[in-house]
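**Student:** Take 44 as the starting number for the sequence shown in my numbering and just add one per residue. Don't be surprised by glycine CBs; every beta carbon is placed ideally from N, CA and C.
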Amino acid sequence: MFSSKFNWKLKPNLAKTDQVDKLSSELGITPLVAQLLINRGYTNEDEIRHFLSPDTSDLLEPFLLHDMEKTITRIQKAIENGEQITIYGDYDADGLTSTSILYETLLEIGANVNYYIPNRFKDGYGPNVNAFKKIIANGTSLIVTVDNGVSGFEAIEKANELNCDVIVTDHHELPKQLPNAYAIVHAELSPDYPFKYLSGAGIAFKVATALNDEIPQEQLDLAAIGTVADLVSLTGENRALVQFGLNVIHLTERPGLKSLIKRAKIKLDNVSEEDIGFKIAPELNAIGRMGDANPGVELLTTTDEVAADKLAKITEKKNEQRKELVTQIMSQAEIQVQNTTNQNRKTLLIVGKDWNAGALGIVASRIKDKYNKPTIVLTEDSEGKFAKGSGRSIEGFDLFKSLSTEQELMTAFGGHEMAIGMTIPVANLAKIAAVFENAADKQKLAFDKKPTLLINYQISADDITSELYDDINVLSPFGRDNEKPEFSIKPNSLSDVKAIGQDKNHLKFSLLGNRQKIAAIDFGIGNQLQEINYLSNNLKVAGTLSKNEFRGRTSLQIMVDDLAIDGRIIEDRRTSKLVQPMFSEIGTYVFFNPANKEKLEKYLGNDSQAILASQVTENSHYEKVFVVDCPKKITDLKKMLENIDTELLILYLYKKNVIKKIGMPTRAQYAKLFKFIQLRPEVMLRKQLDKISHTLKINKNMLVFMFQVFDELGFVEIKNGVMKKVLNPLHQDLNSAQIYQKRQQELEIEKQLLDLSHDEFIKLIQNINDK
44 MFSSKFNWKL KPNLAKTDQV DKLSSELGIT PLVAQLLINR GYTNEDEIRH FLSPDTSDLL
104 EPFLLHDMEK TITRIQKAIE NGEQITIYGD YDADGLTSTS ILYETLLEIG ANVNYYIPNR
164 FKDGYGPNVN AFKKIIANGT SLIVTVDNGV SGFEAIEKAN ELNCDVIVTD HHELPKQLPN
224 AYAIVHAELS PDYPFKYLSG AGIAFKVATA LNDEIPQEQL DLAAIGTVAD LVSLTGENRA
284 LVQFGLNVIH LTERPGLKSL IKRAKIKLDN VSEEDIGFKI APELNAIGRM GDANPGVELL
344 TTTDEVAADK LAKITEKKNE QRKELVTQIM SQAEIQVQNT TNQNRKTLLI VGKDWNAGAL
404 GIVASRIKDK YNKPTIVLTE DSEGKFAKGS GRSIEGFDLF KSLSTEQELM TAFGGHEMAI
464 GMTIPVANLA KIAAVFENAA DKQKLAFDKK PTLLINYQIS ADDITSELYD DINVLSPFGR
524 DNEKPEFSIK PNSLSDVKAI GQDKNHLKFS LLGNRQKIAA IDFGIGNQLQ EINYLSNNLK
584 VAGTLSKNEF RGRTSLQIMV DDLAIDGRII EDRRTSKLVQ PMFSEIGTYV FFNPANKEKL
644 EKYLGNDSQA ILASQVTENS HYEKVFVVDC PKKITDLKKM LENIDTELLI LYLYKKNVIK
704 KIGMPTRAQY AKLFKFIQLR PEVMLRKQLD KISHTLKINK NMLVFMFQVF DELGFVEIKN
764 GVMKKVLNPL HQDLNSAQIY QKRQQELEIE KQLLDLSHDE FIKLIQNIND K
């Protein structure tokens, strides 16, 4: 049975009407924006002004950061003395932008500087002893780490032994023991620095600001890309950095960035945080995932347009290769996920051989999302001695904390609450798996608990307008801690449901309202196409509002986060024939006609029951209900449906004699028959009915009905199959006959229930349910 991925929870509205009105009036924002801001904790007018329109005062004083003064003094001394400075970066988008920011800054102020991006496969994450030895052997006397280093105890000790100072600039989780570095610039070590959530690029930008003694405008684009890519909190100073960066990206003089944007089919003058997160950052991340990431810094810092275009092309190709690798590894990893042992675990430790280590973080993230379990995915080296890879966590589970106490079992370990990187001897895998699972118990991780999806507003498909989009977009850039507003939408139905994408992995459909339909796209559920189609009238949608540009046309679109069954599932199985297999499903079979019940209940299994509609009392609960036959009046059906409580309603609505094709006799037909009777005072109906039907050109069944009407009204007398004309009968209207009224009633119920199209029928039953 179809099930939602999340538990939907409507976020409480904390905003009072007078508060909303005041902020709306004084700040010139709509009540919707004011309400959202209040619900997100923003109530101070000045704070809201800075949130909506950051200025340079939102970029904090860099010298409030721990060891910043010491860092700047040491770098300036190295420049004065002509020392070789090496920036030791990282191979992801945050690391590449961090490296580029500091590299460009040091070049511009006359430093003798180069950079080293560790190879994910040879060096691993963070400071590496052999890499440091090689760098120092080549003449470096000052190493500055960016986006790493706070856990590089051993490598920094080696650098100290070799008389090379190491300055650490990092933002990752602090270990219990800090390395013996010359200086460590880290927000968490800075009690006077009010904002703790800078990315690696953000920290590098603060160092660049301190070195320049002013905001380096030309590095804002890189700071924005690194900040968005690293999924840090998009509040406070980060919000300002990203807003400023987005404002200047369209003016960027970086040919590499321009080429990257062009190849991603993004408009340079309209780059958004979503473009960075879903297009630019994955391209940059792919460089390090597939091998040497040093070309990533070259791509971002080169001034050569030809070289830039060539590097962007290579980057794009590597990203395509990365996608293929992820698909291959994912299929192999899922085989392990689905074995009995892992199905019973709260955590997943998946280990493969000869998997590309650069793709493991993505695979871990996808498995985590699909199975809602903290997941670590590792690959063994060719000798089977070490396994390295990445982990990703779920809401409510601190992944870094779960393993940080067992670092003696690992050769490398780092990260934060939601993501880690690690290298471990294969011999210790079982111990780590046990520690990982025990941590789930210690942190009281619920085994099958769905993650929570917070809903900001419940709306209809007709409420989705350009004005609504413009309102919520005032709060952009969106990201962690400033998410796009989440809407729960109840459409009349879903239509045009189709699988899209190269592997048909995604679904595209429309949400139908009373006045409009809105496009929607849901990634990763293409395999549920048939089920979504089946439930198309019974689903509600959770998602965010975006714009889609296609062939010069812009339209609104819902990016779907989840689908959920809404209310009673109604299944249209109307039939003109009942056969035994139709009674094989377990359920409650409801009959309007007692004769039908008596005749058919013998076909029901032991776990099913048959009841009359008249037996359904208010709030009668049944798991699955089959409405077998047609009622005499639609009010009978309405009464039964209003009383019954069921999750699944299946309607056969069988009617033995469907008369809609024959209909009611016309006045001309009655006149023909009346004239026929006047000329024949006695007729043997049993023998002559076929002949009379042929002579009068009236359907045989219709003719029988007409004789019955005449008989009831006393125009004729029929006994033992013989019709006799009645002399001087009373004048009566034909429609006064009960049999005539009964036939009209039958025609009306057929029109109301059996003549409707599928969509019309479902809507009718839904309306009855709603009432």
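Quick check on DSSP: helix, strand or coil for Y225?
**Tutor:** Y225 falls in the coil class under three-state DSSP.
**Student:** Quick check on the burial criterion: 16 or more other C-beta atoms within 10 angstroms. Buried or exposed for I378?
**Tutor:** It is exposed - the Cβ of I378 has fewer than 16 other Cβ atoms within 10 Å.
**Student:** Residue range of the alpha helix (DSSP H) that D484 falls in?
**Tutor:** Note, D484: alpha helix (DSSP H), L472 to K485.
**Student:** Could you say if the region 349-368 and the region 428-437 meet the contact criterion of at least three C-beta pairs nearer than 8 angstroms?
**Tutor:** They do not touch, by the three-pair rule.
**Student:** How long is the line joining the alpha carbons of N387 and V285, rounded to whole angstroms?
**Tutor:** The alpha-carbon atoms of N387 and V285 are separated by roughly 43 angstroms.
**Student:** If you draw a straight line from the C-alpha of F632 to the C-alpha of G648, how long is it?
**Tutor:** The sequence as given places Tyr at residue 632; Phe does not occur at that position. Those two C-alpha atoms are separated by around 11 angstroms.
**Student:** Counting only the same chain and skipping the five closest in sequence on each side, list residues whose C-beta sits under 7 angstroms from that of K301.
**Tutor:** Counting only Cβ-Cβ distances below 7 angstroms, and skipping sequence neighbours, we find T295 and L311.
**Student:** What is the DSSP secondary structure of K444, counted as helix, strand or coil?
**Tutor:** Here K444 sits in helix by DSSP.
**Student:** So the beta strand (DSSP E) N591 belongs to, where does it begin and stop?
**Tutor:** Here the beta strand (DSSP E) through N591 covers L582 to F593.
**Student:** Should N535 be labelled buried (16 or more other beta-carbon atoms within 10 Å of its own) or exposed?
**Tutor:** The residue in question, N535, is buried, as its Cβ has 16 or more Cβ neighbours within 10 Å.
**Student:** Output yes or no for whether 9 angstroms exceeds the beta carbon distance between K27 and L572.
**Tutor:** This structure leaves residue 27 out entirely; the chain is present only between 44 and 814.
**Student:** Taking its Cβ as the centre, do 16 or more other Cβ atoms sit within 10 Å of L66, making it buried, or is it exposed?
**Tutor:** By the neighbour-count rule (16 or more Cβ atoms within 10 Å), L66 is buried.
**Student:** Would A355 be called buried (16 or more neighbouring beta carbons within 10 Å of its own) or exposed?
**Tutor:** The residue is buried, with at least 16 neighbouring Cβ atoms inside 10 Å.
**Student:** Rounded to the nearest angstrom, what separates F552 and G138 at their Cα positions?
**Tutor:** About 38 angstroms.
**Student:** My assumption, with CB atoms under 8 angstroms, is that T114 sits in contact with I178. Please give the rounded CB distance.
**Tutor:** T114 to I178, Cβ: 18 angstroms. No contact.
**Student:** Within 10 Å of its beta-carbon, does I629 have 16 or more other beta-carbons around it, so buried, or fewer, so exposed?
**Tutor:** Flag for I629 reads exposed.
**Student:** Quick one: any contact between the region 265-277 and the region 128-138, if contact means 3 or more CB pairs under 8 angstroms?
**Tutor:** Yes: at least three Cβ pairs fall under 8 angstroms.
**Student:** Should P222 and S194 be called a contact, given that it needs their Cβ atoms to be closer than 9 angstroms?
**Tutor:** For P222 and S194, yes; Cβs fall inside 9 angstroms.
**Student:** When you compare only the Cα positions, how much space is there between Y414 and P494?
**Tutor:** Cα to Cα, the separation comes out at about 11 angstroms.
**Student:** Of the choices W51, A226, E69 and K249, whose alpha-carbon is the least far from that of T142?
**Tutor:** Answer by Cα proximity: K249.
**Student:** Alpha carbon to alpha carbon, how far is I246 from Q809? Give it in angstroms, no decimals.
**Tutor:** Distance between the alpha carbons of Q809 and I246 is about 56 angstroms.
**Student:** Grab me the residues of T390's own chain with a C-beta within less than 7 angstroms of its C-beta, minus the 5 sequence neighbours each way, in chain order.
**Tutor:** So the qualifying residues of the chain are K416, P417, F479, E480 and A483.
**Student:** Is the CB-CB distance between P528 and N499 below 9 angstroms?
**Tutor:** Cβ atoms of P528 and N499: closer than 9 angstroms.
**Student:** Go ahead and label A121 buried or exposed: buried means 16 or more other beta carbons lie within 10 angstroms of its beta carbon, across all protein chains shown.
**Tutor:** The residue is buried, with at least 16 neighbouring Cβ atoms inside 10 Å.
**Student:** In the DSSP output, what is Q127 paired with across the bridge?
**Tutor:** Its beta-bridge partners are N155 and T183.
**Student:** Distance check for D318 and L599, CA to CA, integer angstroms please.
**Tutor:** Straight-line Cα distance between these residues: approximately 17 angstroms.
**Student:** For L422, count the other beta carbons within 10 Å of its own beta carbon; 16 or more makes it buried, fewer makes it exposed. Which is it?
**Tutor:** Note on identity: in this sequence residue 422 is Thr, with Leu being the wrong assignment. By the 10 Å Cβ count, T422 comes out buried.
**Student:** Need the endpoints of the beta strand (DSSP E) that G457 sits in, please.
**Tutor:** Taken as a continuous stretch (DSSP letters only), the beta strand (DSSP E) holding G457 covers A455 to G458.
**Student:** Taking the alpha helix (DSSP H) that Y414 falls in, what are its first and last residues?
**Tutor:** Where Y414 is concerned, the enclosing alpha helix (DSSP H) stretches over L403 to Y414.
**Student:** Pick from K431, L582 and I405: whose alpha carbon is nearest that of N328?
**Tutor:** Out of K431, L582 and I405, I405 has the C-alpha closest to the C-alpha of N328.
**Student:** Give me the DSSP bridge partner(s) of L342.
**Tutor:** BP columns for L342 are empty, so no partner.
**Student:** Does the region 665-681 touch the region 585-596, meaning 3 or more C-beta pairs lie closer than 8 angstroms?
**Tutor:** No, the region 585-596 is not in contact with the region 665-681.
**Student:** Excluding five sequence neighbours on each side, which residues of the same chain lie with their C-beta closer than 7 angstroms to the C-beta of V880?
**Tutor:** What is shown of the chain runs 44 to 814, which leaves residue 880 out entirely.
**Student:** Give me the Cα-Cα distance between A351 and F443, rounded to the nearest whole angstrom.
**Tutor:** A351 and F443: Cα-Cα distance of roughly 38 angstroms.
**Student:** Any contact between the region 498-515 and the region 67-82? By contact I mean 3 or more CB pairs, one from each, below 8 angstroms.
**Tutor:** Result yes; three or more Cβ-Cβ pairs closer than 8 angstroms.
**Student:** Leaving out the 5 sequence neighbours to the left and right, which residues in its chain are closer than 6 angstroms to A430 when beta-carbon positions are compared?
**Tutor:** Once the five neighbours on either side are set aside, the close Cβ partners of A430 are V394, L421, E423, I467 and V469.
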